[in-house]
Every structure is written in structure tokens, then in C-alpha cells.
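If you read the protein sequences in the order shown, they are chains A and B.
Just so we're aligned: the first sequence equals residues 1 to 121 in the working numbering.
Just so we're aligned: the second sequence equals residues 1 to 121 in the working numbering.
Backbone N, C-alpha and C define an ideal beta-carbon position, used for all residues, glycine too.
Since the structure is predicted, the reported quantities are computational estimates derived from the model, not experimental observations.
There are 2 protein chains.
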Amino acid sequence: MYICLMYSNDLIKGTLRTIILKLLSENSRMYGYEITQRVKELTDDEIQLTEGALYPMLHKLEAEGAVTTEQVNIGKRVRKYYKLTTNGSAEAEEKVSEFLRFMETMKVVLNHKNTFQLWQS
Amino acid sequence: MYICLMYSNDLIKGTLRTIILKLLSENSRMYGYEITQRVKELTDDEIQLTEGALYPMLHKLEAEGAVTTEQVNIGKRVRKYYKLTTNGSAEAEEKVSEFLRFMETMKVVLNHKNTFQLWQS
DNA sequence: TTTTATACCTAAGATTTCTATGCATTTACT
DNA sequence: AGTAAATGCATAGAAATCTTAGGTATAAAA
């Protein structure tokens with residue numbers, strides 16, 4: 001998954017979209033590089049998004065109508081801000097609650113002693 | 001991911017290996033079909049592993065030396081049991097604690113209000 | 001007797017992510 | 001002043017994972 005310094009590199013996949021939507025739902029607008037830094041900071045360097053995964057996902061979200069973009073000139077550089085649409089905002093809520101619920105389900109599988117036989121062995 | 005009845009189909013990936021290792025760490029031996037049924041039952045039908053993902057992963061685990069196999073004849077059918085090796089057992093513990101820790105990290109990103117600006121906007 | 005459950009398997013394709021690039025500006029360091 | 005690091009965007013090829021869609025066969029249930 002993107003880059004996870006402290007986690008094995010492919011433990012979890014499919015959370016990038018959820019992370020992006022969540023951050024955008026709490027900040028009126030963010031740009032790509034800002035998102036990578038925010039995640040890095042929030043997770044104490046444990047999750048670092050790779051640009052090779054981030055930018056294509058942002059473009060996909062835009063193509064799907066979940067976000068709109070706005071370019072701002074900072075000196076001679078162009079910064080591309082992303083902002084949630086109404087649809088994107090709804091999807092953000094769905095994805096987050098879905099993920100939190102999935103975590104509870106996974107806890108049942110991973111936390112308890114699941115030792116019992118229903119079938120002959 | 002495999003099949004998740006109640007979750008969007010690609011929310012999480014990379015947990016299959018962890019799930020298998022965990023179940024095998026709590027049952028001296030299990031066979032493929034049994035694993036699918038156990039997960040289905042534990043998660044109240046919310047996670048259903050697909051055989052197209054499960055069997056290749058079991059074969060991979062065997063090729064890597066994390067599990068060994070043992071074939072048992074049940075009537076005219078052959079049942080293939082999988083059992084953790086010492087290495088597999090160690091990996092099971094690592095993967096599970098790693099995943100649980102990752103969930104905590106994700107909670108920080110997804111649960112809180114992450115609204116604050118470190119940079120100008 | 002026909003469907004469902006049990007039990008194994010593989011291959012093609014889709015999707016996601018990583019790695020490795022590339023380009024360019026701005027800031028910090030020496 | 002010059003170089004390295006940070007900022008900021010992007011893409012393309014390869015790798016990994018999973019889904020879909022098949023295939024085979026036995027046992028149990030309807």
C-alpha cells in the first residue's frame with residue numbers, strides 16, 4: 001500500500017480513497033502534496049502516501065465527479081486544490097463508516113480465540 | 001476484496017493472508033473450504049472469501065514455507081489440510097499485531113476532526 | 001433425480017499500488 | 001554563490017492482489 005514505513009508494505013490496500021475523502025471532508029480544500037504531509041503528520045510518519053498512487057487517485061476522483069479542482073498560482077508554481085462535491089461529500093461519509101465497521105468485523109476474526117470445530121476433523 | 005457482501009468490494013485488500021494465518025494459529029489444522037465457512041460464520045456472512053483468492057494464497061503460503069499440507073481421504077474425496085510451520089506461526093503473530101496497530105493508526109485519520117492548517121491556504 | 005453443499009483447482013482480466021522517472025520552483029544550508 | 005532539500009505536479013511500467021468465470025467430482029438433501 002502506498003508507503004507504510006512501519007507496516008509490512010502490503011497489509012492493507014484500498015484505503016487511499018477513503019483517506020483522501022475523509023481529509024477533504026474536514027478541510028474545505030487541499031492540494032496533493034498537502035494531503036501527503038497531513039497523513040504523514042497525523043500518523044507520526046507511519047503512513048506515507050506515494051505520489052504514484054495519490055495523483056492518479058485524485059484524477060480518478062475528479063473524473064468521477066467526487067471532487068472539483070481549482071488551480072492557484074504560488075509564485076511561479078501552480079498548486080492544484082481539490083474540493084469535495086455534494087456527491088463526494090456523501091461518499092466520504094459512507095466510506096468512513098464502512099471502514100470503521102469493517103474494522104469491527106476484522107476484530108472479531110483477529111482478536112478472539114476462534115477455536116471450535118463445527119465439523120468433524 | 002475476496003467477497004464482502006456488506007462492504008464495498010474493494011475497501012480493504014491485503015488482509016486475506018492475515019486472516020488465514022490467524023485461523024491456522026488457533027486450529028491445529030484446517031482445509032480450504034473450512035476456512036471459508038469459518039470466516040463466513042465469524043463475520044455473520046459479511047466476509048466471504050472467494051476460492052479464486054483463497055487457494056492461490058494457500059499455495060503461496062506453502063511455497064514460502066509458512067504452512068505444510070496433509071491430504072486426507074474423506075470417502076472418495078481428498079481433503080487438503082493446512083498446518084502452520086514454526087515460521088508461519090511467528091508470521092501469524094506479527095501480521096495480526098501489525099494489523100491491529102494499523103487499525104489504531106487509521107482511527108486517528110478517520111475518527112477525529114483533522115482540521116487545522118499548517119500552511120497558508 | 002435434480003439441486004445444493006462439499007471440496008479441490010486454474011486462468012484471464014481488472015484494479016490498485018509501487019518504483020522509477022521526469023520537470024520545475026523555492027527554500028535552506030554551507 | 002552554489003548545492004541540496006523541500007515543494008509541487010505528473011506519468012508509465014511492473015508487481016501484487018483480487019474478481020470473475022470457468023472446470024472437475026463426490027455426497028447429501030430435496
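- The C-alpha of Glu-51(A) is placed about 32 Å away from the C-alpha of Leu-58(B).
- Residue pairing for Ile-35(A): DSSP places it in no beta bridge.
- Nearest CB-CB separation between Val-72(B) and chain A: not below the 7 Å threshold.
- Look at the beta carbons and you see the segment 88–96 of chain A not touching the segment 104–113 of chain A: under three pairs across the two are nearer than 8 Å.
- According to the DSSP secondary-structure assignment, Tyr-55(A) is paired through a beta bridge with no residue.
- Secondary structure at Thr-50(B): coil, using DSSP grouped into helix, strand and coil.
- The beta carbon of Thr-18(A) lies closer than 7 Å to those of Lys-95, Val-96 and Phe-99 in the same chain, with the five residues before and after it left out.
- Chain A has no Cβ within less than 7 Å of the Cβ of Met-57(B).
- Thr-15(A) is classed as buried because its beta carbon has at least 16 other beta carbons within 10 Å across all chains shown.
- Chain A places no beta carbon closer than 7 Å to that of Val-78(B), leaving this residue out of the contacts.
- Contacts with chain A at 7 Å (Cβ-Cβ) do not include Ile-35(B).
- Taking a Cβ-Cβ threshold of 7 Å, the residues of chain B close to Lys-22(A) are Val-109 and Leu-110, in chain order.
- Between Thr-43(B) and Thr-105(A), the beta carbon gap of about 5 Å places them in contact (Cβ cut-off 8 Å).
- Residues of chain A with a Cβ closer than 8 Å to the Cβ of Val-96(B) are, in chain order, Leu-110.
- With respect to Thr-68(A), Thr-85(A) sits close: the two C-beta atoms are nearer than 7 Å.
- For the pair Arg-79(A) and Tyr-31(A), the CB atoms are nearer than the 7 Å cut-off.
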